[in-house]
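Letter 289 of the sequence shown, counting from 1, is numbered 288 in numbering that gives the first Met the number 0, and no numbers are missing.
Ideal Cβ positions, reconstructed from N, Cα and C, are used throughout, including at glycine.
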Amino acid sequence: MTTQILPPERWAMNPGAYAGLVSAYADRIGRVGYDAYTVNCLVASARHLCAWAHLSGRTLDGMADGLVQKFAGHDCQCGGVRRGGPRSARYLFQVERFVRFLVSDGVLTSVPTDDPDARHVVPYLDWLRRHRGLSEITVRSHAKGLRQLLPVIGSNPAGWTPTTLRTAILDRRGREGRGGLKRTVTVLRSWLRYHAAMGWCDPGLVAAVPTIANWNGHHLPRGLRPADVERLLAACDQTSPTGRRDRAILLLLARLGLRAEDVRSLRFEQIDWASGRITLTGKGRRESRLPLPQDVGDALLAWLEDGRPQVDDPHVFLRYAAPWRPFTESAAISKIVRRAICRAGLKDVPSHGAHLLRHSAARALLEDGASLEAIGTMLRHRSIETTARYAKVDLDALGAIAQAWPEVVQC
């Protein structure tokens, strides 16, 4: 299926009984946007691995552990142009990609972890999904937090005391901001509650974790003015596929106040074109349906009809650089916002992430006279108190209506 670019000798390596695996791999990578030369390079390294396995009598149906390292050290007699000598890191990276393909297809078994804490962490993450109802992105966030905590507190509950737990948090004060420290506290408390629920530690240890001060509503709303939002949208190049994709993403954030993860994980099945609605599953796995504004729908159609690669994937938004696949992290959505801010030349922006446009959507509704209940419905807030934070006005607006104190004599 690929155009032969590499020397014929390179293709002469015989994969033997594994020729079908090489063909399947070539078909897979050929569908995700790589050019012919890149496809040939990747397929050639896959043929080389299979030829080595075939000639040495190895089987590709066991563990992936150490396979690439063994291949890297072999005295090559596989045919083609490679004869002995070390393989480059780039070449071995290509071989590793083929091994990951074999793992994903079940031909090889994934490398077992040598992390001694993994046997404790995996059941905990499963408990979060099953018993706490956390979304996958929140579970991954907890896993990341534990990787930082466990080397400090250890995985053995017998070694946990109020002093060690407090010290683990307080020692991070100089390395994390208040937001990061609060997330660390949340992860630690959740970890302790899990162990308490299993009967492995004293439930009272949860109370030993220090509380990080949280002054709700101490800052003014961080949203952009409506005129700046329009400048941001206008900065997207609608003649390019990436520009059409970015404009659709920005409109979803700015008009509907979606979270970055809502956009990253958006699937075709969530959009009801007939009724003009979009279905979202937010925090706590609560499902909500929001109306799809005309300009948002038009931008989505422009991306889908004249921008999105023709890839069989259920996600609406894909990376435009090969391989064509969905964004793996919501941070990628924030990067799109950050680049748009730079293109638009906006200065003194309060923040540069996707949440900036969520605040901007709330600000626009508030300035149009919408009620807090309407704003909370769009933002899918559980509590009206959360929405009330958006009711604060900025200093310029206060200055326009402020009255002088009655006892002050005007000059």
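- One Cα belongs to residue 71, the other to residue 105, and the distance between them is close to 23 Å.
- For residue 73, the secondary structure class from DSSP, reduced to helix, strand or coil, is coil.
- Taking the Cβ atoms as the reference, residue 244 lies roughly 7 Å from residue 319, within the contact range of under 8 Å.
- For residue 146, the closest of 16, 178 and 187 by C-alpha to C-alpha distance is 187.
- Per DSSP, residue 290 is one residue of the beta strand (DSSP E) stretching across 286-290.
- Inter-residue distance for residue 369 and residue 276 is about 20 Å (C-alpha atoms, whole angstroms).
- Here the alpha carbons of residue 251 and residue 130 stand approximately 32 Å from one another.
- Taking the CA atoms as reference points, residue 280 sits about 4 Å from residue 286.
- Taking the Cα positions, residue 345 is about 28 Å away from residue 175.
- For residue 204, no alpha helix (DSSP H) run applies, since DSSP gives it neither H nor E.
- Here DSSP, grouped into helix, strand and coil, assigns residue 271 to strand.
- Nearest to residue 272 by alpha-carbon distance, out of 259, 323 and 288, is 288.
- With distances taken between CA atoms, residue 359 lies nearest to 222 out of 103, 222 and 274.
- Under the DSSP definition of a beta bridge, residue 278 partners with 288.
- Assignment of residue 308 by DSSP, reduced to helix, strand and coil, places it in the coil class.
- Distance check between residue 377 and each of 100, 290, 336 and 343 places 290 closest, using alpha-carbon atoms only.
- The continuous alpha helix (DSSP H) containing residue 240 extends over residues 240-255.
- Contact between residue 100 and residue 48 is absent: CB atoms are separated by about 11 Å, not below the 8 Å threshold.
- About 5 Å separates the CB atoms of residue 44 and residue 94; that is less than 8 Å, so the two are in contact.
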